[in-house]
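2 protein chains.
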Amino acid sequence: MGSTCEMNAAVSVWRRLPLFVLASSLCLCLSRAEDSAMENIVTEKKAEESHRQDSADLLIFILLLTLTILTIWLFKHRRFRFLHETGLAMIYGLLVGVVLRYAIHVPNNMNNVTLSCNVNASPATLLMNVSGKFYEYTLKGEIGANEVNDIQDNEMLRKVTFDPEVFFNILLPPIIFHAGYSLKRRHFFRNLGSILVYAFVGTVVSCFIIGLLMYGCVTLMKQIGQLGGDFFFTDCLFFGAIVSATDPVTVLAIFNELHVDSDLYALLFGESVLNDAVAVVLSSSIVAYQPEGDNTHTFEAMAMLKSFGIFLGVFSGSFALGVATGVVTALVTKFTKLRDLPLLETALFFLMSWSTFLLAEACGFTGVVAVLFCGMTQAHYTFNNLSPESQDRTKQLFELLNFLAENFIFSYMGLTLFTFQNHVFNPIFIVGAFLAVFLGRAANIYPLSFLLNLGRKNKISPNFQHMMMFAGLRGAMTFALSIRDTATYARQMMFSTTLLVVFFTVWICGGGTTQMLSCQKIRVGVDADQENTIGPDGVECRSTKHESAWPFRIWYNFDHNYLKPILTHSGPPLTATLPTCCGPLARCLTSPQAYENEGQLKDDDSDLILNDGDINLTYGDITVSTDATGAHTSGTAVGGVAVNSDEALDRELAFGDHELVIRGTRLVLPMDDSEPPLPVDSHRHRHKYETMS
Amino acid sequence: MGSTCEMNAAVSVWRRLPLFVLASSLCLCLSRAEDSAMENIVTEKKAEESHRQDSADLLIFILLLTLTILTIWLFKHRRFRFLHETGLAMIYGLLVGVVLRYAIHVPNNMNNVTLSCNVNASPATLLMNVSGKFYEYTLKGEIGANEVNDIQDNEMLRKVTFDPEVFFNILLPPIIFHAGYSLKRRHFFRNLGSILVYAFVGTVVSCFIIGLLMYGCVTLMKQIGQLGGDFFFTDCLFFGAIVSATDPVTVLAIFNELHVDSDLYALLFGESVLNDAVAVVLSSSIVAYQPEGDNTHTFEAMAMLKSFGIFLGVFSGSFALGVATGVVTALVTKFTKLRDLPLLETALFFLMSWSTFLLAEACGFTGVVAVLFCGMTQAHYTFNNLSPESQDRTKQLFELLNFLAENFIFSYMGLTLFTFQNHVFNPIFIVGAFLAVFLGRAANIYPLSFLLNLGRKNKISPNFQHMMMFAGLRGAMTFALSIRDTATYARQMMFSTTLLVVFFTVWICGGGTTQMLSCQKIRVGVDADQENTIGPDGVECRSTKHESAWPFRIWYNFDHNYLKPILTHSGPPLTATLPTCCGPLARCLTSPQAYENEGQLKDDDSDLILNDGDINLTYGDITVSTDATGAHTSGTAVGGVAVNSDEALDRELAFGDHELVIRGTRLVLPMDDSEPPLPVDSHRHRHKYETMS
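Chain order of the listed sequences is A and B. If you use this note's numbering, the first sequence corresponds to residues 1 to 693, in order. If you use this note's numbering, the second sequence corresponds to residues 694 to 1386, in order.
Written as structure tokens, this is what we have:
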């Protein structure tokens, strides 16, 4: 067999290069070429050339992003909401893709050194003995035979096609972490039950629905003879898994702008964040199902169970890891006075959060999932221990990373539609896919909403359901999952189809959000506070504020009485909440602040208030229970009259402004803190009771 | 000849991996292995294993940094100044290096597939045909024969040794940019002349002194027969160039803490920032001098001139590029209302600054140098156009990047002392190097200070000179330059020696800074404002405030009257400063704010005040000149009485606090803006006159 050596260092070097170090890493591998070029001037020249070439190519991307930024500014300046920045990035990406594909023709400046060599394996690293000197080569991956033939033609295209793992390991983590870190926790937890159902049950349902439909579609294609390669049921399921990850970034941006009902926002955001995680693990466990070696793609109970076990194991493992590192960070930031030095604090926060990803990958779990839950933990606990400056710094840092990564992914999506070499566009498959995606989303939203409404008193109204149905955009995660492996024919067809699905949903559904909102008569400009009292479907919501939130309520009490005091400076002293037996432990864990600092306390939770605008509801409830336990309520304006939660709440909520809210919490909580250990149980009982009624 | 193929994907993969994407990029190249592993399960297993292994290895680094951060906090908490964070990072790096070298023994889990193959070149990219499938390999570089023999032993070590270009292309740029962006501009420009002399003349002098001394040392070694390989004069010069880049980060940190005289601070910081740039370009042009192919390392006038031309060309080119992109960013931020959206603004700023690096690399200039001047331009112009939030964001972002990169480099330095494979420690060379470094620094500081003092009335006092001599630490830049190429025997010896020089200077000189300050009786706790009036050597400074600053003064007027109005919203309207002929141009360039915004104006320059604490001197001068031109000074508290600059100044400066300063500027400058075009010339004349006297 023959193995071709080229002098061109840059071929496909883009593959494995992230946005931030593209140019850099380029030089990196070239530099080595320069070393060897001590005795090989040709290589050196080539290396320099292609290094410059690659820097120039990267400049294209950067200028693309710059252009996107400027255009976004214009749009926001003009209140132009039909095209979101991501959609815009895709369009610019498309344009550049067209130019690269058709306009630019790179002259073939490679003199290939051909040498024969009988190789019987494709090792990851190759040591080559050249006149006594050893050179090391690293496997970059397989290249289609056609590419080898006309390599000079598509060299340019292959250069701007870089390794799909970049998305998983550089671009997605900041996006996912940011999602977790900026989660509107209050509303998220209020709708926790529904969100979990949508995310887990819903994703699995839609995965299997889509998988089955696509299998039908594929068998049909086989009959017609439209199918050019293998396409097994597991492939269909895999496709179902990857297109089940929704990413309504466009919709949520508009929701934010228009202040759409924040329960709807929480449902959509929470679902989209979690189903990304579910989809990742689901797809990997589906891949794990495939019996390697033999191609008997039949149903096997054992393999099925194995996949299920993998799903549970990987998901729970990643979850545990993410939470663990978050907790560690919280403890470190709590028990060191690091908050005096915001720079160190921010650096520590960044490093710890990043180590989550590495730890998960090192343990064989999914880094992206771990990062998500780490972000949520950091937001809920660590954030309260950070100095105000670090709170801004971390928020802004990850906001920036998220922005850059997201727009890069979307512009790359546009680019890759033209630059990807092995597209397989099959009309039948595409039509089937669109249909399946639609039905899969429907089978996720409507039945589950019906079931949930049986339990929820704060019903998910039909127009909400339609909106959620409509907001089932596919985005970065779907793309990353589909481009991750395009080796086989089936995967290539999936990838091409997925691209179209993403384009369609982002442009059409994303662009039509405002129209959809208006035609669904969904109230916009809702003040988060009022929305608690009046809610989407009028009076009913008021009477059902408690029941709809009961998982949140139980969780909140545990969190507020035990976790927050342990992990942050806020909450009641553990000495008050823990049983007396573990007094010493409680004393050493409780931070001195917890005893005397109302101001501190207010600070800690005011970030929730500022984030969510209506944490006060919670305090309202706590007030109630503490009153009921006979805790002295004298001298507290809100608490004093809060014998019945609702009245107090309404009175409190009637004023929409935060000043009052914060004052309210400050007045209520100290009393909640100075609560003796005894009533805590009745405290919890009461809540159970409340939820029963 | 034989070429050995191994199944181990991770060998040396660390080489080309940056801090931030280490783990990521690891998976990147592995992922390709996984693709090919569709038909090669062994490879897949290996790839997964080594992916996990590499994630774990990276975790070591991250935990190292985390540990460093916590320890730094302890030190700062305890006011412990003998060990700077960088020195600490080095120590931790050393410890981990020792552990990796001696404690950990990685079992040899590689089954080498040996296959014979006659290769006659070391191409940068290798296409390999394995049973019809093409696999692509990228050159990682040369490997010592000894490493090939006992490859399984030092696999671990080679894994934690990554590509030196990482420093140049990922870690140095943020550091250098931050240096330029956080430059104390006011003092920098006041001592511009001296700084330039130290940076350019001084670096070249010390480079040649060290080069000559080392050449003597090397010839001596030849005689004794201590030299194990070639060592040419150009190598000696190269060594001189790389160790001439000072990096007193430790010293400056202490200066900041102790508020040491800010002229001394400016001299040291300015010199160290600029001589990094000079050293980079100098070393590259020395390398360019070497006549490739034939080893006649004799003196050639032509080659010498060529190198000199390269030096000038590359330096000026990089300078121009850096300034250009800075100016573009300034114009974009000025003429768009991007400041409404801080996130976009920050992203744009980041992308533009980064594109400088790429542009320079693409044009064949030095990215690091370009980034430095870009940073200075951004700080001086763009910064004023940014929204306050973006000002914080950009500052904090680059502060963080700088912190992480710097500590990573230093901890890697410690690590590499044990993990680097080809150390060549030669006692004679090392002793000679230390001597040469000392003498080179001396030959830089003392003679130049003497010459400068002839021009300066604000003399650089002997104790300042000793301090500058003492503060000639070598750091990140020296290390990056020396590790960039360790192919030849000479370079390896240089690298090992450089490491020791860095360790010594950072630990000993860095640690002894406070003692040095006290034994040199250099006043600490200087309020930047008072220091203007009293200065290091008492009365003299006062009377010479003007003369010593004349380059700054001329530059300031041009900048304030033309550049700032064009590039920022501040400064006098161009319609006032430009000759009437270019009225239309002036009108369209002048931002509306420039006409009416005192507040704006104050904002723009107050950042200088907040950065430097004493820009008011400048305004004081402006006040004088404007008064002298007969501009009505009524209604301005400071300006009104400022007929003689010094009295006004002293009265102004007597109060140290910023409130007054800012108020002062606000009162003074509007008048300076409403200055008619005519007086400007007399304005400049006056300055010339002043400087003559």
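Glycine included, each C-beta is placed from N, C-alpha and C at the ideal position. Predicted, not measured: the structure shown is a model, and the values here were computed from it.
What are the start and end residues of each continuous alpha helix (DSSP H) run of 4 or more residues lying completely inside the segment 1134-1183 of chain B, in chain order?
1155-1163 and 1169-1176
CA-CA distance, A/Phe495 and B/Arg1086?
38 Å
Pull up the DSSP beta-bridge partners for B/Thr1198, would you.
Answer is none; B/Thr1198 lacks a bridge partner.
Mind pulling the chain B residues with CB within less than 8 Å of A/Ser355?
Leu752, Ile755, Leu756 and Thr759
So does the segment 884-900 of chain B actually touch the segment 961-971 of chain B, counting three or more Cβ pairs closer than 8 Å?
Yes: the two stretches touch, three or more of their Cβ pairs being nearer than 8 Å.
Taking the CB atoms as reference points, tell me whether A/Asn426 and A/Gln223 lie closer together than 9 Å.
no
Measure from the C-beta of A/Gly364 to each C-beta in chain B and report whether the shortest distance is under 9 Å.
It does: the Cβ of A/Gly364 has a partner Cβ on chain B nearer than 9 Å.
What residue range is occupied by the uninterrupted alpha helix (DSSP H) comprising A/Arg101?
Note, A/Arg101: premise wrong, no alpha helix (DSSP H); not H, not E.
Should B/Thr1039 be flagged as near chain A, meaning a C-beta pair shorter than 9 Å?
In terms of beta-carbon proximity, B/Thr1039 lines the interface with chain A, with at least one pair separated by less than 9 Å.
With 16 other Cβ atoms within 10 Å as the buried cut-off, status of B/Pro866
buried
Any beta carbon of chain B sitting closer than 9 Å to that of A/Ile69?
yes
Could you pull out every residue in the same chain whose Cβ sits closer than 7 Å to the Cβ of B/Ile1123, ignoring the five residues on either side in sequence?
Thr1190 and Leu1193
Of the residues A/Ile445, A/Val506, A/Phe464 and A/Leu74, the one placed nearest B/Phe1028, counting alpha carbons only:
Scanning A/Ile445, A/Val506, A/Phe464 and A/Leu74 for the CA closest to the CA of B/Phe1028 turns up A/Leu74.
Whole angstroms is fine: what's the gap from B/Ser955's alpha carbon to A/Arg101's?
Using only the alpha carbons, I get a separation of about 56 Å.
Tell me which residue opens and which closes the alpha helix (DSSP H) that A/Ser182 is part of.
That residue, A/Ser182, is in no alpha helix (DSSP H); it is neither H nor E in DSSP.
Out of A/Met469, A/Val526 and A/Gly322, state which residue places its alpha-carbon closest to the alpha-carbon of A/Gly510.
A/Met469
Report back the beta-carbon spacing between A/Ile195 and A/Val371 to the nearest angstrom; my notes put them in contact at under 8 Å.
Not really, about 19 Å apart at Cβ, beyond 8 Å.
Chain B within 9 Å of A/Ser285, Cβ atoms only
No, because no Cβ of chain B sits closer than 9 Å to the Cβ of A/Ser285.
Looking only at C-alpha atoms, which of B/Leu913, B/Asp747 and B/Trp1200 sits nearest to B/Asp940?
B/Trp1200
Report yes if the CB atom of B/Ala1072 is closer than 9 Å to the CB atom of B/Leu876, and no otherwise.
yes
Identity of the residues DSSP links to A/Thr498 by a beta bridge
In the DSSP output, where bridge partners are listed per residue, A/Thr498 has none listed.
I'd like to confirm the pairing. Which residues does DSSP put opposite B/Thr939 in its beta bridges?
Looking at the DSSP output, B/Thr939 shares a beta bridge with B/Arg1167.
Mind listing which residues of the segment 381-408 of chain A have their C-beta closer than 9 Å to chain B's C-betas, in chain order?
Glu389, Asp392, Arg393, Gln396, Leu397, Glu399, Leu400, Phe403, Leu404 and Asn407
B/Ala1279 in three-state terms, based on DSSP
helix
For A/Glu406, count neighbouring C-beta atoms within 10 Å of its own C-beta (all shown protein chains included) and say buried if the count is 16 or more, exposed if not.
By the neighbour-count rule (16 or more Cβ atoms within 10 Å), A/Glu406 is buried.
Along the segment 1194-1210 of chain B, where does the CB come closer than 8 Å to a CB of chain A? Name the residues.
none
Since A/Ala490 contacts A/Gly211 with CB under 8 Å, what's their CB separation in whole angstroms?
With a Cβ gap of about 13 Å, A/Ala490 and A/Gly211 do not count as contacting.
Whose CA, out of B/Phe1042, B/Leu1005 and B/Val1007, lies closest to the CA of B/Val1021?
B/Phe1042
May I have the straight-line CA-CA distance separating B/Gly1165 from B/Ile762, to the nearest angstrom?
25 Å
Verify whether the separation of the beta carbon atoms of B/Phe1195 and B/Gly1168 is less than 9 Å.
According to the sequence displayed, residue 1195 of chain B carries Val and not Phe. Yes; because the gap between Cβ atoms is below 9 Å, this pair is in contact.
On the three-state DSSP scale, how would you describe A/Ile522?
coil
In chain B, what lies closer than 7 Å to A/Ile72 by C-beta?
Leu1037
Look at the alpha carbon of A/Leu417 and the alpha carbon of A/Gly97, and state the distance between them as a whole number of angstroms.
7 Å
N- and C-terminal bounds of the alpha helix (DSSP H) containing B/Gln1114:
Taken as a continuous stretch (DSSP letters only), B/Gln1114 belongs to no alpha helix (DSSP H), as it is neither H nor E.
Below 8 Å on C-beta distance, what does B/Ala749 contact in chain A?
In chain order: Leu358 and Ala362.
Quick check on A/Phe383: does DSSP put it in helix, strand or coil?
DSSP, read as helix, strand or coil, puts A/Phe383 in helix.
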